[in-house]
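Note that the sequence shown covers residues 1 to 191 in UniProt numbering. Here is the structure we will look at, set down as structure tokens.
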Amino acid sequence: MAFPKRKNIKEEKRQKLVIVGSKNPVKISCTDLGFHQAFDSEAFLIEGLNVSSEVDDQPIGDEQTYLGAYNRAKNSKNVFPEADFWVGIEGGVEEQAGEMYAFAWVVIIDPTGKIGKAKTATFFLPNVITDLIKGGMELGAADDQVFNRENSKQGNGAVGILTNGAVNRKEYYAQAIILALIPFMNKTIYI
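Rendered as structure tokens:
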């Protein structure tokens with residue numbers, strides 16, 4: 001009787017575990033895409049975890065939005081310290097000269113405490129959405145109301161809706177994931 005050949009454990013690559021500080025499927029899939037594009041020869045397992053951003057549900061301004069992303073990464077690390085990377089993604093809005101634009105911050109932490117961070121591109125929102133946000137509504141809820149959708153923040157979001165799908169939210173966030181990974185891709189010059 002022949003036994004199956006054992007795999008050489010050294011030949012198998014260990015999957016690195018990446019914890020995303022959100023259960024939002026877009027944030028999980030963009031992290032998966034970004035990590036695999038940045039490190040195409042490595043294997044990653046991406047998991048979402050519900051953690052607090054410790055900021056308002058709709059962050060206003062760069063500082064609060066960055067803090068939300070940082071807190072999501074930090075709190076993910078606190079809850080699940082066995083991972084290889086922790087990722088926080090937080091969408092925010094900012095007012096400028098009477099108009100409002102949207103963006104997101106990405107923060108990535110590794111076990112050594114190294115931090116990678118990046119911000120997505122920005123885009124301006126129509127007044128009808130801006131007025132709802134100023135009235136206390138989250139961007140996702142405002143999108144749902146204006147465009148007669150349900151739970152758009154777990155789908156293509158404002159960027160996808162306003163561009164008629166020309167900008168895919170997953171790819172929009174994935175670019176910022178890759179940019180936040182620059183310090184981990186260039187370890188010798190980012191100390």
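Cβ coordinates follow ideal geometry from the N, Cα and C atoms, glycine included.
Item to check | Backbone secondary structure at Met-185 - three-state DSSP | outcome: helix
Item to check | Candidates Asn-78, Asn-156 and Ile-161: closest to Phe-147 by CA position | outcome: Ile-161
Checklist entry - Just curious, the alpha helix (DSSP H) that Ile-191 is in, first and last residue? => result Premise fails: Ile-191 is in no alpha helix (DSSP H) and is neither H nor E.
Next on the checklist: Alpha carbons only, please: which of Asp-131, Glu-99 and Ala-69 is nearest the one belonging to Ser-22?
Outcome noted: Ala-69
Next on the checklist: For a test of the three-state rule: what should DSSP assign to Gly-160, helix, strand or coil?
Outcome noted: helix
Checklist entry - How long is the line joining the alpha carbons of Val-106 and Asn-164, rounded to whole angstroms? => result 24 Å
Checklist entry - Below 8 Å between beta carbons: does that hold for Val-18 and Ile-46? => result yes
Checklist entry - Excluding sequence positions up to five away, which residues of its chain have a Cβ less than 6 Å from the Cβ of Met-100? => result Val-93, Leu-125 and Thr-130
Next on the checklist: Once DSSP output is grouped into helix, strand and coil, what is the label at Gly-106?
Outcome noted: The amino acid at residue 106 is misidentified as Gly; the sequence shows Val. Residue state, collapsed to three classes: strand.
Checklist entry - Which whole runs of the alpha helix (DSSP H) in the stretch 19–73 are 4 residues long or more, in chain order? => result 25–38
Checklist entry - How is the beta strand (DSSP E) around Gly-116 delimited, first residue to last? => result 115–119
Checklist entry - In whole angstroms, what separates the C-alpha of Thr-120 from that of Phe-35? => result 16 Å
Next on the checklist: Can you list, in chain order, the residues of its chain with a C-beta nearer than 8 Å to that of Glu-11? Leave out the 5 residues immediately preceding and following it.
Outcome noted: With a pLDDT of only 44 at Glu-11, under 50, the local geometry of the prediction cannot be trusted, and the value read off the model is given with reservation. Answer for Glu-11: no residue qualifies.
Checklist entry - Buried or exposed: Asp-143, going by 16 or more other Cβ atoms within 10 Å of its Cβ? => result buried
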